[in-house]
Each structure stands twice: as C-alpha cells, then as structure tokens.
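According to our numbering, the sequence shown is numbered sequentially starting from 1.
Just so it is clear, CB atoms sit at the ideal spot from N, CA and C, and this is done for glycine as well.
Some notes on the structure that comes next.
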Amino acid sequence: MSLSPYKAKRDFGTTNEPSHGNDAPAAIFAIHEHAATSHHFDFRLAIDGVLKSWVVPKGPSTNPEEKRLAILTEDHPLAYKDFEGNIPKGEYGAGTVLVWDYGTYRNLRDVSMHQAFNDGQIEVALKGEKLTGGYALLHAKLGGDEQNWLLIKMDDAAADARRHPVRTEPRSVRSGKTIHEIANE
Ligand code: MN
C-alpha cells in the first residue's frame with residue numbers, strides 16, 4: 001500500500017499526526033509550513049486516494065518567473081490536510097506544522113491526475129485561501145535526482161510577481177495562528 005512508508009516512519013502512540021483517514025473529498029490540496037530540522041513547506045495534492053507530497057524548501061511563489069524546487073516525498077493520508085500541531089522530538093519530522101493553505105483543485109490537463117503524475121507533468125488550478133489559479137508541477141529531475149520536481153505558477157490572472165505570500169501571509173488558514181503560537185502550545 002502507498003501509505004506504508006508514511007506509517008513505518010511514525011509512532012502513532014507519540015505523534016498526533018493521523019494514522020489513517022481517507023474520507024476527505026477527492027480533489028483537495030494542502031500546503032503545510034513545517035519548522036523541522038530544516039524549515040520548509042510541504043505541497044500536497046490528492047491523487048489516487050492519497051496526498052502526493054513534495055517538500056518545497058522556499059515555498060510556493062505567485063511569480064511565474066520563479067521556479068521552486070519540489071522534492072517528492074512519501075504519500076500522506078488525505079486526513080493530513082487538516083493536521084496542525086507539534087510533532088514530538090525524536091519522531092520523524094519533529095517540529096511544528098501549520099496549515100499554510102488548503103482548498104480544492106481542478107485538473108487542467110485532459111488526462112487523469114494519475115496519468116499526469118506518471119507523465120511528470122501536472123497542471124492544476126488551485127482554489128485555496130491564499131493561492132488561486134494555475135500551478136504546474138514538472139518532473140525536471142534536476143541534478144539527475146528522480147525526486148526533484150519544479151513547482152511553477154502558471155501565467156494567468158492570479159499570477160502576481162509583487163506578491164510574496166510565504167513572507168507576508170504567515171498565518172494558518174485553519175486556526176489563524178502563527179507558527180510560533182503553535183510551537184508554544
Ligand atoms: Mn515536511
């Protein structure tokens with residue numbers, strides 16, 4: 001099963017992350033800010049009943065000129081969309097997780113999301129609270145690394161080179177809290 005690597009890395013007696021839960025609607029996305037050993041964002045898209053997940057070190061941009069490295073990581077359960085809190089020390093991914101954005105998406109390609117993922121060419125229109133419009137995920141394999149994709153804002157009405165939401169819109173769309181407020185809970 002696709003969630004086996006996710007489960008193998010975690011002790012669900014210790015962490016509050018969901019151990020299961022696939023009862024969310026199909027076309028959802030989530031972006032988590034994750035203050036772990038290295039600070040990063042996790043971009044997650046529901047495909048084939050799991051959240052396909054990429055680590056985006058710099059977070060998403062609204063500028064089509066800025067290509068963001070997106071490193072494919074293990075699938076997460078759909079219920080992870082709503083996860084926010086502190087992963088205990090010693091656990092995989094230990095640190096603070098904030099729901100930076102979430103919502104639904106629409107497939108912009110005329111192939112299935114399954115096929116788009118396998119092609120290494122995903123194009124979706126996001127309908128989140130911070131991010132809207134087209135985003136492409138391309139399997140660029142930078143440096144020959146199979147895990148390396150690129151996350152790129154598509155050039156549409158929602159594109160905006162002057163907006164820097166990762167910096168200017170730090171609060172959780174779920175709780176309204178900052179990452180420091182969550183860390184201190
Ligand atoms: Mn992460």
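The C-beta separation of residue 126 from residue 135 comes to about 6 Å, placing the pair in contact by the 8 Å criterion. A Cβ-Cβ separation of about 23 Å leaves residue 159 out of contact with residue 148 under the 8 Å criterion. Unbroken alpha helix (DSSP H) stretches of 4 residues or longer found wholly inside the region 19-76: none. Environment of ligand 1, chain-ordered: 34, 42, taking every residue with Cβ within less than 5 Å of a heavy atom. In this structure, residue 46 places its C-beta atom within 8 Å of the C-beta atom of residue 27. In the three-state reduction of the DSSP assignment, residue 166 falls in the helix class, which pools H, G and I. The beta carbon of residue 35 is closer than 6 Å to those of 95, 96, 179 in its chain, skipping five residues each way along the sequence. Annotated three-state conformation of residue 7 is helix, per DSSP.
In the three-state reduction of the DSSP assignment, residue 146 falls in the coil class. Per DSSP, the beta-bridge partners of residue 136 are 123, 152. When Cβ pairs closer than 8 Å are counted between the two stretches, the region 56-66 is seen to touch the region 148-157, the count reaching three or more.
By the beta-carbon neighbour count (other beta carbons within 10 angstroms, threshold 16), residue 111 is exposed.
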